[in-house]
Structures are given as C-alpha cells and as structure tokens.
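K.L.:
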Amino acid sequence: MRAQEPPDSVARRDSLARARVDSLIADSLMREDLRVIAEQRKLADTIKLPTPAAEMPRLMEIDRDRWIWNRDRIVDWGNLTVGDLIENVPGLSVFRSGWIRSPEQAAFMGDFTRVRLFLDGMEMDAIDPRNGGIVDLSFVQLWTLEEVRVERSAAEVRIYMRSWRVQTLTPVSRVDVSSGDLQTNLYQGFFGRRFRGGQALQVGASQSSTRDPRNIGDSDGLSLFGRFGWARGPFAFDIAATNTGRERTAQARSRSTPNRAALRPIDAKFQEAYARVAYSDTTRGLWAQFTAGRFAHEQSALLSTSNAAGSVDPDRSNDTTFRKISQRQLVSALGWDRGPLSLSFTARSRFGDSLSRTAPMARAAYESRFASAAVMVEQDNRPGVRTIEGMGALRPLPFLSFAGAISRVQVGGDTLFLNAQRTVRGEAGLRLGRTWLTAGAMQRAGATLIAPALFDTGFTAAAEGKVSGYFATVRGKVWKDVGIDVSATRWNSPAAFRPQYQTRSVLYVDSDMKARFPSGNLHIRAAVTHDYRSKALFPISGATPDSLRSTELRSLGALLEIRLIDATLFYQFRNFLADSYEWVPGYLNGGPIQLYGVRWRFFN
63 MRAQEPPDSV ARRDSLARAR VDSLIADSLM REDLRVIAEQ RKLADTIKLP TPAAEMPRLM
123 EIDRDRWIWN RDRIVDWGNL TVGDLIENVP GLSVFRSGWI RSPEQAAFMG DFTRVRLFLD
183 GMEMDAIDPR NGGIVDLSFV QLWTLEEVRV ERSAAEVRIY MRSWRVQTLT PVSRVDVSSG
243 DLQTNLYQGF FGRRFRGGQA LQVGASQSST RDPRNIGDSD GLSLFGRFGW ARGPFAFDIA
303 ATNTGRERTA QARSRSTPNR AALRPIDAKF QEAYARVAYS DTTRGLWAQF TAGRFAHEQS
363 ALLSTSNAAG SVDPDRSNDT TFRKISQRQL VSALGWDRGP LSLSFTARSR FGDSLSRTAP
423 MARAAYESRF ASAAVMVEQD NRPGVRTIEG MGALRPLPFL SFAGAISRVQ VGGDTLFLNA
483 QRTVRGEAGL RLGRTWLTAG AMQRAGATLI APALFDTGFT AAAEGKVSGY FATVRGKVWK
543 DVGIDVSATR WNSPAAFRPQ YQTRSVLYVD SDMKARFPSG NLHIRAAVTH DYRSKALFPI
603 SGATPDSLRS TELRSLGALL EIRLIDATLF YQFRNFLADS YEWVPGYLNG GPIQLYGVRW
663 RFFN
C-alpha cells in the first residue's frame, strides 16, 4: 500500500506546476505582445505623413457635416460636376446649357461674381475672356478631389477644394467606368502610393464623350492629373498639375429663342499647376506654406458662327489674347491652429496681362461646444474692393442651434467701411432625433449683377435694389435607414438671374446592412430626387422684348448604388418623366438621361 504524501509536498508540486503553466502563459502573452507591437510598428511605417494641404476654414454652421464632402461622398450620390454638388445651397442657383461638359455657372443671390472657388489654396479666376469674368464650373475636375468644403458667408459662397492625396505604402488604384444615354462614356483611372523615404507618386486620367442627336452639343474631353511629393517630420513639399483638353461642337438654340446665336464651339485646353513647400500641418499648431502656381487657357481657332443679328461672328479666332492666356499666383500663408482657436494670414499675388495684384486676407476663428465665431478681412482681387465679415453659431442645447453672418463690402477709398454695402443672414435649427430642421432669412443691399455672357453675348447686366429671401432645410434620417434632404428658397420678388422659388428634395435609403452582414462588405443606397424652379429673368440688349425668361423647371431623378466589398455598381436616371425645360433661355435640357457603371478600388 502506497504511503500518502505529506500535504506540504503536494502543495509544493502543485505550486511548481502552476508556476510552469504561468510561465508558459506569460511567454505566450509576451510573444503575442511582441507580435502586436511589431504589427503596429509595421502599420505605422506603412502609413506616411500626408503631403501638404492648404488651410480649410472652420464652418460656422448649424449642421457642419452638410457642407463637407470627402472623397467617397463626392461621388456616392451621383455627382458629376461641381454644380451637382452645390445646387442645394440656399440662395445659390446653377445654370447649365446642356448635359455634362456643357457650360455651367452659378450665381448667389443672382450675382455670379459671388461664387468663388479655391483649389489647394489658389483661387480659380475666370481667365478665359469668353466667360465674362465668371468661372465655368464644367472645367473643374471633380474626380481629382479628396475634399470639398462650402463656406457660406452672408455675401458670397466660397468653395474650397483639396486634391486627392495618398498616405500608404500599399499601392492604391481605382477604375471608374460608366456609360449611358446620348452616347455618354466616362472612363477614369487612378494610381497612387507612398515610398519609405516619404515620397508620394500619384497619376490619374479621365476621358469623356457625348453625342446628342438633338443638335445641342457633342463633346470630347481628356484630363490628366499628376502629383509628386515628399513629407517627413514637419517639412513637406509637392508638385501637382492637371491638364484638361475639351472639344465641343456648336450648341443650337431652341425654338423659344429663334433669333439668338448658337453657343459657340470650343477646342481648348485648361491647365493648373503648382509647387508648394510647407512647414507642419494646418491643424497642428504653427504652420506655414508657400505656393507658386499657374493657370493657363489655350483656345484653338474655331469656325465662325452667327450672332443674334444674323451677321458673322468670327469668334475672334485671330485674336491671340483670346487664344492663349495665363495667370501666375504666389500664395504665402502663415497660421496657428490649436484647440478651439485658429489664426491665419494669407497674401495671394496674381501676375498676368502685364498687371500684378496682391490680395491679403486675415482670418480668426474660435470654436467650442456651445459657441463658434469667425472674422475675416480681405482686400479683394478687384481693385478698391474690401470685405469684412463675421460669422458665428450658438448651440445652447443639443437640439437647438442658431447661426448667422454679416458682410460689409466697400468699393472705393473708404477704408473705414462707413459706406459699405451690408449683407446679412440668420437661421435657427431644431434637431428632432437624427434630423435637423432649419429656417432662415438673408438680405442684400443693392448691387449691379453682371451677365453670364458665356451663354449669350447679348445678355446684359442688371441693377437691383435691396433684396430679401427666406429658406428652409430638412436633413437627416427620419426612420431607421430612411432619410430626407430638402432645401427650399423663396425671394420677395422675381429678378434677373435668380428664380423666385427654388426647391430640391431627396428621399433616400442609405444602409450599410451590418445587422445582416457584420463584415460591412455590402452597402445599399437608393434615392429619388425632385427639383423645382420658377422662371428666371435674363435681360438682353438691342432686342424686343428686352429680356428673356428660362422655363419653369420640374424634374424627377432616381439613383441606385450597391457596394460589394470594393466594387460599387451604380445607376442613375435623370428627368425620368421626360419633362422639357430650359435652365438658360434657348438651351434645351429636357429628355431622360440614364447613366450606369462601376467604381472599383484595388489595393496592392
């Protein structure tokens, strides 16, 4: 019979056994910790500091996310042009002469000069003399952007755009292919990667073509984008360029304006290029940037067209000023951004046509949980025009907010703004669940509204007195994955280049399907869109009657997008009820248009 061991020896053996087990567990945990640390270090080494980015303003809004679009959101809702992106901004009206690649211009409160665009810190001026001092939005390459931010002051709308950047060593590429009615074909390709030394390389191309049997404009376009940069520690630099070539045939006017000239054909190239050096990120304390850029427009000689009186318009094809023009910009910016406070000073110098102008601008912003405020003072690019404006938002309760802005624009030598023209905007917002409801009003002093000569050289400027408008918006999810996005504006009276009533309504379903597919590899988005506009007045010279009116616009559209892992199938149907309308008098936009295709992202 085996003798029983003493209790203390059993305890020692159990203790040693537990110690050996604990040691094995500790070794296993140590190896796992080392593996995790190694993976984290590898991941940190894979993601590089971003190449430089220009300052983006803090938005003083009730619902700030509404006016910020990241790279995915830019294209996820069927946006093809900048006009598609911004047409729900209260008080802003987008005018087009046809389908994509046709001229597109926007007016705020009827004033085309009060919509300004900034690309990577440089202001995009209307350097093509045919545009009459108004930017043609159709030449802005939406596909090259990673962020768009709309800042609404009282007097103008400023659109800040940041071009696409990459941060990972793993190569990233994307291919977009779409086709549709009017023989529309769109092809876009992207490639980008970072290197271990901090270098960045990106290239992209976009090709498009349309054919319209209604004789309202055929077009072909090719755009190329490239960037090379470097970022390490607080220092960074990059060189970027976009070259866009476009051919468009003459666009005939409809029977509503039989005596007006057709839209002239175009064979042109537009180039954007810059080199930039930067110290630190614009959101991390003290930062500084210097950018040297160039915009260039080159126009080939074109066939003659007929003007409104029936005589020959040579399109000034022998005028070298109209055939080739360029502008250089030097942008120096210095700022500080930390916590709730940001300060910046920018000097933007332009050189072209033997003229040089410098437009300084200073901005200060404060942002906290309950209140935000910003002040900006700017010497405008136009000689003698100065602007001072303030914007702010108040959030006393999580479900209640207020926002407003005031601008004073001085033309002439009064540096004290004693006789400045004042524009104001105010609104209040109430949140119900996940939905924001806002209502507000805006008022502008008298102004002279320049005409959109790009559409018709016979359009003339219009003088307008004080004007008041009212707007309301509804945005957010109302039930589960069902949401709405509504924007409506009403002016106190009809006037030039501005419809008195304008609404845009979107009813949508946006679901990531994670309740059924936790992996997140399936996403479904469907929407129905309704647009309405009353008639807009376009004054003309030397004709009877002395003004034309666009038609009343009613249009229904639909969108469906299905994302499977990294591929997104999309289909959109614009104006599926085939209503006939004209956004600009004489240019037919009617007819249903379908567009469908795929966006496919690849890694490594």
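Mapping of the sequence shown onto this note's numbering: position 204 corresponds to residue 266, and the numbering continues sequentially without gaps.
Even glycine gets a Cβ: it sits at the ideal position worked out from N, Cα and C.
Bear in mind that the values here come from a model prediction, so they are computed numbers and not experimental data.
1. Among Gly347, Arg412 and Ala433, which has the Cα closest to the Cα of Ser404?
2. What are the complete beta strand (DSSP E) segments, minimum 3 residues, inside the region 511 to 566?
3. Assign Arg400 to one of three DSSP states: helix, strand, or coil.
4. Below 8 Å on the Cβ atoms is my guess for Gln245 versus Ser268; work out the distance and round it to an integer in Å.
5. In the DSSP assignment, find the unbroken beta strand (DSSP E) run with Val660 in it and report its ends.
6. I think Ala216 touches Ala467, with their Cβ atoms under 8 Å apart; what is that distance to the nearest whole Å?
7. Using CA atoms only, rank isn't needed, just tell me which of Trp498, Glu334, Ser617 and Arg496 is closest to Gln203.
8. Please classify Pro561 as buried or exposed, where buried requires at least 16 neighbouring CB atoms within 10 angstroms.
9. Check each candidate in Asp274, Val197, Met453 and Leu147 and name the one with the smallest Cα separation from Ala515.
10. Taking the C-alpha atoms as reference points, what is the distance between Gln472 and Arg236?
11. So what does DSSP say about Val137, is it helix, strand or coil?
12. Is it buried or exposed for Trp349, if we count other Cβ within 10 angstroms and need 16 for buried?
13. Across the region 432 to 442 and the region 115 to 128, are there enough close Cβ pairs to call them in contact, namely three or more that are closer than 8 Å?
14. With distance defined between alpha-carbon atoms, name the residue in Asp641, Trp662 and Gly454 nearest to Glu623.
15. What's the C-alpha gap between Phe11 and Gly502?
16. Please state the DSSP three-state secondary structure of Trp161.
17. With distances taken from CA atoms, which of Phe413, Asp146 and Asp173 is nearest Ala679?
18. When the Cβ atoms of the region 302 to 312 are set against those of the region 280 to 288, are three or more pairs found closer than 8 Å?
19. Quick one, which of Gly194, Gly153, Val239 and Val212 has its alpha-carbon nearest Leu142's?
20. Within this structure, are the beta carbons of Leu631 and Val660 separated by less than 8 Å?
21. Looking only at its chain, what residues have a beta carbon closer than 6 Å to the beta carbon of Asn247, apart from the 5 residues adjacent to it on each side?
22. For Ala558 and Leu599, which I take to be in contact (beta-carbon distance under 8 Å), what is that distance rounded to the nearest angstrom?
23. For my contact list, Ala262 and Arg289 are in at a C-beta cut-off of 8 Å; report their separation, rounded to the angstrom.
24. Grouping DSSP H, G and I as helix and E and B as strand, with all else coil, what is Ser200?
25. Please name the residue in Tyr428, Ser411 and Ser430 whose C-alpha comes closest to that of Pro422.
26. From the DSSP output, which residues share a beta bridge with Pro601?
27. Could you check where the alpha helix (DSSP H) with Asp300 kicks off and where it finishes?
28. Using DSSP's beta-bridge definition, name the partner residues of Val439.
29. Count the other C-beta atoms from every protein chain shown that fall within 10 angstroms of the C-beta of Pro275, then say buried if there are 16 or more, exposed otherwise.
30. Who are the Cβ neighbours of Phe297 in its own chain at under 7 Å, not counting the five residues just before and after it?
31. Please classify Asp377 as buried or exposed, where buried requires at least 16 neighbouring CB atoms within 10 angstroms.
32. Please list the segments of the beta strand (DSSP E) lying wholly inside the region 214 to 253, counting only runs of 3 or more residues, in order along the chain.
33. Classify Ala79 as helix, strand or coil using the three-state DSSP reduction.
34. Name the residue from Ser596, Ser418 and Gln656 whose alpha carbon lies nearest to the alpha carbon of Phe638.
35. Go through its chain and collect everything with a Cβ distance to Arg256's Cβ below 7 Å, but skip five positions before and after it.
36. What would DSSP say about Asn637, mapped onto helix, strand or coil?
P.N.:
On the basis of the coordinates in this document:
1. By 1-based counting over the sequence shown, the position of residue 404 is 342. The option with the nearest alpha carbon to Ser404 is Gly347.
2. 524 to 526, 529 to 541 and 544 to 553
3. Stepping through the sequence shown from its first residue, residue 400 is reached at position 338. Reduced to three states, the DSSP call for Arg400 is strand.
4. Position 183 of the sequence shown holds residue 245. Position 206 of the sequence shown holds residue 268. Not quite, the Cβ-Cβ distance comes to about 17 Å (not below 8 Å), so this is no contact.
5. Translated into positions along the sequence shown, residue 660 becomes position 598. That run of the beta strand (DSSP E) goes Ile655 to Phe665.
6. As a working note, residue 216 is residue 154 in the sequence shown. As a working note, residue 467 is residue 405 in the sequence shown. Yes, they are in contact, since the Cβ atoms of Ala216 and Ala467 sit about 4 Å apart, within 8 Å.
7. Translated into the one-based positions of the sequence shown, residue 203 becomes position 141. For the options Trp498, Glu334, Ser617 and Arg496, the alpha carbon positioned closest to that of Gln203 is the one of Glu334.
8. One-based indexing of the sequence shown puts residue 561 at position 499. Per the 10 Å Cβ criterion, buried.
9. Counting from one through the sequence shown, the residue named residue 515 turns up at place 453. Comparing Cα-Cα distances from Ala515 to each of Asp274, Val197, Met453 and Leu147, the minimum goes to Val197.
10. Position 410 of the sequence shown holds residue 472. Position 174 of the sequence shown holds residue 236. Inter-residue distance for Gln472 and Arg236 is about 47 Å (C-alpha atoms, whole angstroms).
11. Position 75 of the sequence shown holds residue 137. Here Val137 sits in helix by DSSP.
12. For the purposes of this step, residue 349 is taken as residue 287 along the sequence shown, with counting starting at 1. Its Cβ being crowded by 16 or more others within 10 Å, Trp349 is buried.
13. Short answer: they touch.
14. The sequence position of residue 623 within the sequence shown is 561, counting from 1. Checking every option, the nearest Cα to that of Glu623 belongs to Trp662.
15. Summary: the structure shown does not reach residue 11, with the chain confined to residues 63 through 666, and so no result is reported for it.
16. Numbered from its first residue, the sequence shown carries residue 161 at position 99. Three-state DSSP puts Trp161 in coil, outside helix and strand.
17. Within the shown structure, residues of the chain are numbered from 63 to 666, placing residue 679 beyond reach of any answer.
18. yes
19. Taking the first residue of the sequence shown as position 1, residue 142 is located at position 80. Answer by Cα proximity: Val239.
20. Indexing the sequence shown from 1 puts residue 631 at position 569. Indexing the sequence shown from 1 puts residue 660 at position 598. Closer than 8 Å, so yes.
21. The count along the sequence shown starts at 1 and reaches residue 247 at position 185. Ser241 and Ser271, listed in sequence order.
22. On the sequence shown, residue 558 is found 496 positions in, with the first residue counted as 1. On the sequence shown, residue 599 is found 537 positions in, with the first residue counted as 1. Correct: roughly 5 Å between the Cβ atoms.
23. Here residue 262 refers to the residue found at position 200 of the sequence shown. Here residue 289 refers to the residue found at position 227 of the sequence shown. That belief holds up - the Cβ atoms of Ala262 and Arg289 are roughly 7 Å apart, short of 8 Å.
24. The sequence position of residue 200 within the sequence shown is 138, counting from 1. Of the three classes helix, strand and coil, the one that applies to Ser200 here is helix, per DSSP.
25. As a position in the sequence shown, residue 422 is number 360, starting the count at 1. Taking Pro422 as reference, the option from Tyr428, Ser411 and Ser430 with the minimal CA-CA separation is Ser411.
26. Here residue 601 corresponds to residue number 539 of the sequence shown, with the count starting at 1. Bridge partners of Pro601: Ser609.
27. As a working note, residue 300 is residue 238 in the sequence shown. Not the alpha helix (DSSP H): Asp300 falls in the beta strand (DSSP E), residues Phe297 to Arg310.
28. Residue numbering aside, residue 439 sits at position 377 when the sequence shown is read from its first letter. Residue pairing for Val439: DSSP places it in a beta bridge opposite Ala424 and Ile450.
29. Looking up residue 275 in the sequence shown gives position 213. It counts as exposed.
30. Counting from 1 along the sequence shown, the entry for residue 297 is found at position 235. Excluding sequence positions up to five before and after Phe297, its CB lies within less than 7 Å of the CB of Tyr341, all in the same chain and listed in chain order.
31. Within the sequence shown, the letter at position 315 stands for residue 377. At Asp377, the pLDDT of 42 sits below 50, so the modelled position is not reliable and the matter cannot be decided from this model.
32. Runs found: 219 to 225 and 234 to 242.
33. For this step, residue 79 is matched to residue 17 along the sequence shown. Residue confidence for Ala79 is low, a pLDDT of 49 falling below 50, so the modelled location carries little weight; the figure read from the coordinates is stated next. Correct three-state label for Ala79: helix.
34. Residue 638 sits at position 576 when you count from the first residue of the sequence shown. Residue Gln656 is the option with its Cα nearest to Phe638.
35. Taking the first residue of the sequence shown as 1, we reach residue 256 at position 194. So the qualifying residues of the chain are Lys110, Val228, Gln229, Thr230, Leu231 and Ala262.
36. Translated into positions along the sequence shown, residue 637 becomes position 575. DSSP places Asn637 in coil when its eight states are reduced to three.
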